[in-house]
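Counting from 1 along the sequence shown, just add 118 to a position and that's the residue number in my numbering. Since the structure comes first, as structure tokens, the remarks are kept for the end.
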Amino acid sequence: MAHTKSGLLGIFYQILFGINSCLLRIKMLLKRIWYQYISPKADINVMNPIKLISNSNSIDSIDSIDSMEELVELLITPEELEPSSIEEVVKLPPFFEKMKECERLCETTYSEIDHSIQNALVLRRLQQMTNTLMLNPLWKERIEQSGLSKAPRNFEEWQQLPITDKETIRNFFMGERPGMVVPLNYGGFEIVASGGTSGDLPVETVFSLQEFDDTYKIAGKFMGQYVLPNFLTGNDPKWAINTYADYQMWSSGTMVGGVFQKIPNVNYIGAGPVRKEVYQHMMSYKGPKAIVGMSQTIGLLGDFGIGLSEEARKSFRAAFYCSGVLPHRKQLELKEFYPNLEILSYFSATQAEAIAMQLKPESYLAIVPGLFLIEVVDNEGRWVAEGEEGELVFTRLHVHKAPLIRYKLGDRVVRRPNLDGPGLKTQQFEFVGRSGDTLHLTDTQFSAPRAYAALCHQLKAANVCQLEALAHEFQFFNNRKESILYLIASVDDVFTLTSRMKNMLGEQGIRRLFMESLARSLSIFNEGEANSYYLEKTGYRFEIKFVNRWSEEIYRTDLGKVPLIRDVF
119 MAHTKSGLLG IFYQILFGIN SCLLRIKMLL KRIWYQYISP KADINVMNPI KLISNSNSID
179 SIDSIDSMEE LVELLITPEE LEPSSIEEVV KLPPFFEKMK ECERLCETTY SEIDHSIQNA
239 LVLRRLQQMT NTLMLNPLWK ERIEQSGLSK APRNFEEWQQ LPITDKETIR NFFMGERPGM
299 VVPLNYGGFE IVASGGTSGD LPVETVFSLQ EFDDTYKIAG KFMGQYVLPN FLTGNDPKWA
359 INTYADYQMW SSGTMVGGVF QKIPNVNYIG AGPVRKEVYQ HMMSYKGPKA IVGMSQTIGL
419 LGDFGIGLSE EARKSFRAAF YCSGVLPHRK QLELKEFYPN LEILSYFSAT QAEAIAMQLK
479 PESYLAIVPG LFLIEVVDNE GRWVAEGEEG ELVFTRLHVH KAPLIRYKLG DRVVRRPNLD
539 GPGLKTQQFE FVGRSGDTLH LTDTQFSAPR AYAALCHQLK AANVCQLEAL AHEFQFFNNR
599 KESILYLIAS VDDVFTLTSR MKNMLGEQGI RRLFMESLAR SLSIFNEGEA NSYYLEKTGY
659 RFEIKFVNRW SEEIYRTDLG KVPLIRDVF
């Protein structure tokens with residue numbers, strides 16, 4: 119009897135919830151009719167189409183809305199939430215338009231809207247994205263395997279969805295590209311390649327050009343509003359200089375340049391990799407300058423600046439480094455040479471043109487609101503607590519035609535407190551390092567498993583030894599302080615192997631063998647990036663070192679595990 123009463127009560131609440139939901143929709147419809155056709159704010163004799171919001175409403179402010187649910191249903195309507203065909207997906211209004219409408223209703227810029235409203239709109243967008251993905255059989259199967267049969271109702275359910283790694287992207291977006299919702303024959307796409315060093319596989323990502331234009335505007339506005347005003351001051355012309363370049367299907371020059379081109383009230387220079395003469399010519403332009411580039415490029419600007427006038431040196435105000443590590447010593451040298459310079463991190467990736475950036479040198483990385491959903495997750499794909507370290511996962515919010523959710527970049531970060539004071543309201547994180555087995559030499563990344571396999575092959579070909587059969591343990595030791603990369607292998611007969619290798623190869627032969635192996639570890643998209651000449655210029659020494667079993671020269675974790683790579687900065 120008790121179970122019968124409980125069941126009836128459950129049915130009663132479901133009916134009550136359904137009635138309430140219907141009443142809410144009726145109320146919203148009546149409000150739309152009122153504000154668009156009856157209210158004095160709309161001229162009933164001469165209808166002004168500018169006042170009517172396409173596919174939405176013309177409610178004047180958030181004060182006219184009673185709940186968060188009502189707000190997000192006004193911004194992304196029930197009809198838009200669940201497209202039923204490719205044609206409907208193609209016709210969906212851009213998410214950028216929804217952000218601008220949210221700004222209008224809240225009467226403030228999107229980046230300063232309360233976190234609760236931002237989160238509600240982002241969740242609504244994720245639900246729309248999930249419904250879009252369900253139109254694709256591969257994505258539908260992948261989503262249903264997580265236990266969800268429809269769009270997640272909240273962020274807790276969202277965390278059930280599987281993490282997307284590079285292998286998944288490779289299977290979904292390369293070859294026949296079976297993971298795309300809108301086929302390539304519709305046009306308007308861009309293919310961007312990534313070297314695949316963290317996953318040991320090269321991958322391609324598909325983007326919509328129209329949505330790229332929107333994201334460039336959002337990130338450019340963010341930089342112009344919250345970052346560059348701290349550095350580009352005064353009444354002289356202001357300059358944003360991009361030293362990235364597109365290279366073998368990498369689109370760093372286009373993507374980072376797209377953001378910098380959209381910074382309001384700033385002049386743009388797409389410089390690409392510059393020589394000293396070109397750099398000094400640009401620096402002669404009157405006005406404060408900000409320069410973005412790889413760590414290695416930024417590090418060279420001290421040498422490139424020798425001979426500049428004092429005025430030119432003082433005009434360099436902000437340097438943004440995007441990849442690799444800019445050593446502390448190099449930063450001090452640059453700041454000594456350029457007295458007004460501040461050096462900041464600009465966090466981007468091949469799949470993401472502007473994830474986050476430092477607002478000030480001492481600050482954490484601040485996420486660009488409305489561009490991505492950024493998650494810091496544990497091994498189960500669940501959000502870590504503030505102050506904890508996890509894997510960086512992101513979802514592009516501006517992608518109707520080729521959605522990609524919960525993508526793992528291969529970076530370890532620490533989740534930091536949100537910015538929640540007056541003005542900017544956004545998430546923050548602190549970069550820890552790469553999570554993949556990747557060797558970093560200046561700004562180039564090498565696959566450690568591939569490099570080891572190549573070294574073993576080369577040693578065998580030279581009749582030195584069959585290292586795979588002889589090594590108990592092995593580890594790459596990247597001493598970045600002294601620019602030495604070791605392969606350390608523990609073997610039974612250290613003296614015999616060491617003597618044989620030195621006698622047969624010599625010091626220069628070992629170095630050449632090591633460099634050839636590193637070059638072989640690169641993918642097809644960047645194998646031309648690092649040849650022997652490039653590796654020579656890094657200033658690195660390359661050594662193979664045999665040690666006794668259980669040697670302390672091989673680093674072990676507290677659990678006794680041997681990481682493939684040990685980095686010392």
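Each residue gets a CB set at the ideal place from its N, CA and C atoms; glycine is no exception.
Asked                                                                                                                                                                         : Found
Residue 207 lies in the alpha helix (DSSP H); which residues open and close that run?                                                                                         : 204-208
Using a Cβ-Cβ cutoff of less than 7 Å, which residues in the same chain neighbour residue 246 once the five nearest sequence positions on both sides are dropped?             : 194, 198 and 199
Measuring alpha carbon to alpha carbon, tell me which of 619, 433, 650 and 664 ends up nearest residue 593.                                                                   : 664
In the DSSP assignment, what residue or residues form a beta bridge with residue 437?                                                                                         : 409 and 461
Write down the C-beta distance between residue 555 and residue 682 rounded to the nearest angstrom, noting that I regard them as a contact closer than 8 Å.                   : 5 Å
With 16 other CB atoms within 10 Å as the buried threshold, where does residue 96 fall?                                                                                       : With the chain covering 119 to 687 only, the question about residue 96 has no answer from this structure.
Do residue 323 and residue 359 have their CB atoms nearer than 8 Å?                                                                                                           : no
Measure the Cβ-Cβ separation of residue 656 and residue 559 and say whether it is below 8 Å.                                                                                  : yes
For residue 550, count neighbouring C-beta atoms within 10 Å of its own C-beta (all shown protein chains included) and say buried if the count is 16 or more, exposed if not. : exposed
Please name the residue, chosen from 578, 483, 562 and 423, that lies closest to residue 454 on a Cα-to-Cα basis.                                                             : 423
Alpha carbon to alpha carbon, how far is residue 637 from residue 667? Give it in angstroms, no decimals.                                                                     : 29 Å
By Cβ distance, which residues of its chain are closer than 7 Å to residue 254, with the 5 residues on each side in sequence left out?                                        : 297 and 299
Got a sec, what are the start and stop residues for the alpha helix (DSSP H) residue 370 sits in?                                                                             : 370-379
To the nearest angstrom, how far is the alpha carbon of residue 561 from that of residue 652?                                                                                 : 11 Å
Would residue 515 and residue 531 be called neighbours here (beta carbons separated by less than 8 Å)?                                                                        : no
Cα separation between residue 504 and residue 534?                                                                                                                            : 6 Å
Determine whether the beta carbon atoms of residue 468 and residue 491 lie at a separation below 8 Å.                                                                         : no
Please tell me whether residue 602 and residue 659 are closer than 8 Å, where the distance is taken between their beta carbons.                                               : yes
Report the rounded CA-to-CA distance for residue 427 versus residue 434, giving the unit in angstroms.                                                                        : 12 Å
Just the C-alpha distance for residue 599 and residue 630, rounded to the nearest angstrom, thanks.                                                                           : 22 Å
Just confirm the distance between the C-beta atoms of residue 384 and residue 342, as a whole number of angstroms; I'd bet it's less than 8 Å.                                : 7 Å
Between the Cα of residue 378 and the Cα atoms of 279, 361 and 634, which residue gives the shortest distance?                                                                : 361
Taking contact to mean 3 or more Cβ pairs, one atom from each stretch, closer than 8 Å, check whether the region 476-496 and the region 539-549 are in contact.               : yes
Within the region 292-373, note down every full alpha helix (DSSP H) run reaching 4 residues or more, in order along the chain.                                               : 327-340
What is the C-beta distance between residue 438 and residue 332, in whole angstroms, given that I count them as a contact (C-beta under 8 Å)?                                 : Between residue 332 and residue 438 the Cβ distance is about 22 Å, and since that is not below 8 Å, they are no contact.
Let's test the definition: count the other Cβ atoms within 10 Å of the Cβ of residue 354 and tell me whether it reaches 16, buried, or not, exposed.                          : exposed
Can you give me the Cβ contacts of residue 608 inside the same chain, cut-off strictly under 8 Å, excluding the 5 residues immediately before and after it?                   : 589, 590, 591, 592, 664, 665, 666, 667, 668, 669 and 672
Give the DSSP bridge partners of residue 475, in chain order.                                                                                                                 : 464 and 484
For residue 527, does the three-state DSSP call read helix, strand or coil?                                                                                                   : strand
Got a sec, what are the start and stop residues for the alpha helix (DSSP H) residue 627 sits in?                                                                             : 612-638
By the three-class DSSP mapping on this structure, what secondary structure does residue 514 have?                                                                            : strand
Buried or exposed, going by whether 16 or more other CB atoms sit within 10 Å of the CB of residue 250?                                                                       : buried
Per the DSSP calculation, residue 563 is bridged to which residue(s)?                                                                                                         : 558
Figure out for me which residue from 580, 582, 586 and 557 has the closest Cα to the Cα of residue 571.                                                                       : 586
Determine the direct distance from the alpha carbon of residue 519 to that of residue 303, and round the result to whole angstroms.                                           : 12 Å
Select from 217, 326 and 229 the residue whose C-alpha is nearest the C-alpha of residue 521.                                                                                 : 326
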